[in-house]
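Residue numbers (our numbering): 3 to 315.
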């Protein structure tokens, strides 16, 4: 396909607007989630978000004639995405947000592409190119800076736990990405999304009832606005928007665009929650972002070369 763009049903300008909206909504959602945890326990919060997103996307899929039971070949992926990327990832992030500033959480959670590089080399035998290696080294250096032993409170078990959970969540997402590479999809992303979100919500319910006290939920307008933002907007709308954008813009554009999410999260947390912008976080984020850009560019470059080789044959 080269550099050609499949515009699908929308123009490139509309796609850029949607991408900017996703970056903004997902980035701003980090301080929103942090604020929401004042009113609802973390796992319950994640379950609410998944359930609301599933209901909204099921409605959208039904209106578009795409609401159907997944093909049996897609069920492993539906379960994997629902359990790892959605249930485990969101559950761990919400727990971690109780102890870690929202801006720092956004940065660490988006280290996922860094973990994909060594996992793909080990699991799938993908080549470790120079760009990937440099990107991995820069990214790991950024993580090391953020875990600076002189600026990190190792004596606070909650701080250590929260930061560790964020990195573990990113690792789980990376495992899923490596697992689904090469999968031959039978259903469309929109037709599978309600099932993935629904499975995530159902998977979280046992943990909600085992570990959380629902009587602590502080029902009111504040929680209502937080849930309204997280379910229909940050989950359902943003998921649909990203599906639309990926069909209209090159992969490298959307990949690099999503890397702006932690930047928006970091800045918006500083503005909305008055979180301090520290040297460790800023310098570490700069190194991580540089590493992610190099790793993403390397993947795009390899994909372009693979297409050229196929065309030549």
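We treat Cβ as the ideally placed atom computed from N, Cα and C, and that holds for glycine. Predicted, not measured: the structure shown is a model, and the values here were computed from it.
Residues of the same chain with a CB within less than 7 Å of the CB of residue 48, apart from the 5 flanking positions on each side, are 92, 93, 96 and 206 in chain order. A straight-line Cα-Cα distance of about 14 Å links residue 82 and residue 191. Counting every other CB atom within 10 Å of its CB across the protein chains shown gives residue 71 a total below 16, marking it as exposed. Counted as a single uninterrupted DSSP element, the stretch harbouring residue 278 is not any alpha helix (DSSP H), since DSSP gives it neither H nor E.
Per DSSP, the unbroken alpha helix (DSSP H) holding residue 172 starts and ends at 159 to 182. Taking the C-beta atoms as reference points, residue 133 is found nearer than 7 Å to residue 300. The Cβ neighbour count for residue 36, taken over all protein chains shown within 10 Å, is at least 16; the residue is labelled buried. For residue 221, there is no enclosing alpha helix (DSSP H), since its DSSP letter is neither H nor E. C-alpha of residue 247 to C-alpha of residue 20: approximately 7 Å in a straight line.
Across the structure, residue 197 and residue 78 are spaced so that their CA atoms are roughly 12 Å apart.
A residue is called buried when at least 16 other Cβ atoms come within 10 angstroms of its Cβ; residue 287 meets this threshold and is buried. Where residue 67 is concerned, there is no enclosing alpha helix (DSSP H), because DSSP gives it neither an H nor an E.
If you draw a 10 Å sphere on the C-beta of residue 223, you find fewer than 16 other C-beta atoms in it, and that means exposed. Residue 99 and residue 277 have their C-alpha atoms some 13 Å from each other. In the structure shown, residue 262 falls within a coil segment according to DSSP collapsed to helix, strand and coil.
Contact between residue 31 and residue 236 holds, since their C-beta atoms are separated by about 4 Å, short of 8 Å.
For residue 215, the closest C-alpha among the options 43, 23, 29 and 66 is that of 43. Annotated three-state conformation of residue 96 is helix, per DSSP. The closest CA to that of residue 282, considering only 106, 111 and 89, is found on 106.
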